[in-house]
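Enquirer:
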Amino acid sequence: MSDMLLETRALGAGYGPVTVLRDIAVQIPKGQITALIGANGAGKTTLLRAISGLCTTTGDILFDGSPITRLATNRIAARGIAHVPDGRGTLAGLSVEDNLLVGGYLQRGRAARAAGIERIYSHFPKLKQRRQQQAGTLSGGEQQMLAIGRALMQGPRLLMLDEPSFGLAPLIVRELFTIIADINRTEGLSILLVEQNVHQALSMSERAILIEHGQVARSGPSAEFLGNDDIRRAYLGS
Ligand code: ATP
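In the UniProt record's numbering, the protein residues as written are 1 to 238.
1. Report the residue from Gly-188, Thr-178, Arg-157 and Gly-80 whose alpha carbon sits nearest the alpha carbon of Gly-141.
2. In chain order, which alpha helix (DSSP H) runs of at least 4 residues are fully inside the segment 113-190?
3. Here's a check: name, in chain order, each residue in its chain whose Cβ is nearer than 8 Å to the Cβ of Gly-93, leaving out the five neighbours to either side.
4. Evaluate Asp-182 with the Cβ neighbour count: other Cβ atoms within 10 Å of its Cβ, from every protein chain shown; 16 or more gives buried, anything less gives exposed.
5. Does the segment 65-74 come close enough to the segment 146-157 that 3 or more CB-CB pairs lie under 8 Å?
6. Which ranges would you report for the beta strand (DSSP E) in the segment 45-99 if only whole runs of at least 3 residues count?
7. Take Val-194 as the anchor and find which of Leu-11, Arg-49, Gly-16 and Ile-120 has the nearest alpha-carbon.
8. Can you name, in chain order, every residue of its own chain whose Cβ lies under 7 Å from the Cβ of Gln-154, other than the five neighbours on each side?
9. Within its chain, find whatever has a CB closer than 7 Å to the CB of Gln-32; leave out the 5 residues flanking it on each side and keep chain order.
10. Sort out for me which residues DSSP pairs Pro-221 with in a bridge.
11. Tell me the DSSP bridge mates of Val-18?
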């Protein structure tokens, strides 16, 4: 059995006539956190969208050895890929718990959904406290927790997070990343993390992929990124 959960081969992606990504070959290992870094507009969000079937692609994407390229988004989700987009997208008018139930639509049976919700609450006690509160009235950090919780309700094997720290205060960001690392460790869940906060992303991941101008500029152990002078100058401000 391969240690790789997801692999792209000669992947191109874009929006209609606009090509954003070219010749992307990346491998996402099982059970690890992989950081996806790069400047604004480099194509990080587009790579997540390509994996989720949300933009036009060429080439191949293999998930656990099977092609998922050009499957419909709901079928890709059903295979075990959960995507928390930037902007979070929780359902503002529904309660915290109803948002989680919407996320659990793939799980059959009330007992399985109830167990899933308790598991989410064990990672995010703040959501349990606010289970009846309307999602739209949560703080930014709580909404991000809810968006992640809702994605976990799918029972994914790969969780893709697009800039979870965006717009959050440093203390909240630290709390959120502690929980994300804990979910990875306790559940062995594979995570692909897009982050502007490059130091944080490299510190908490085993491997990293740097995208520049729609292509992979570098990939490898995160510790090597942290120790590399060019990376430090360009992305870590030192
Ligand atoms: P950021 O951190 O700013 O979100 P990113 O690395 O995630 O950057 P993308 O959002 O993937 O970058 O954008 C890559 C390129 O694709 C940009 O030039 C952007 O303008 C373009 N792009 C994104 N969405 C669309 C769209 N729906 N239609 C056309 N072009 C798009």
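Virtual Cβ for every residue (Gly too), placed ideally from N, Cα, C.
Bear in mind that the values here come from a model prediction, so they are computed numbers and not experimental data.
Expert: Working from what's here:
1. Considering only alpha carbons, the answer is Thr-178.
2. 125-129, 140-152 and 170-187
3. Gln-134, Ala-135 and Gly-136
4. Of the other Cβ atoms in all chains shown, fewer than 16 fall within 10 Å of the Cβ of Asp-182; this residue is therefore exposed.
5. The segment 146-157 vs the segment 65-74: no contact.
6. 56-63 and 81-84
7. Arg-49
8. Ala-77, Ala-82, Gly-103 and Leu-106
9. Ser-190, Glu-206 and Arg-207
10. Arg-207
11. Tyr-15
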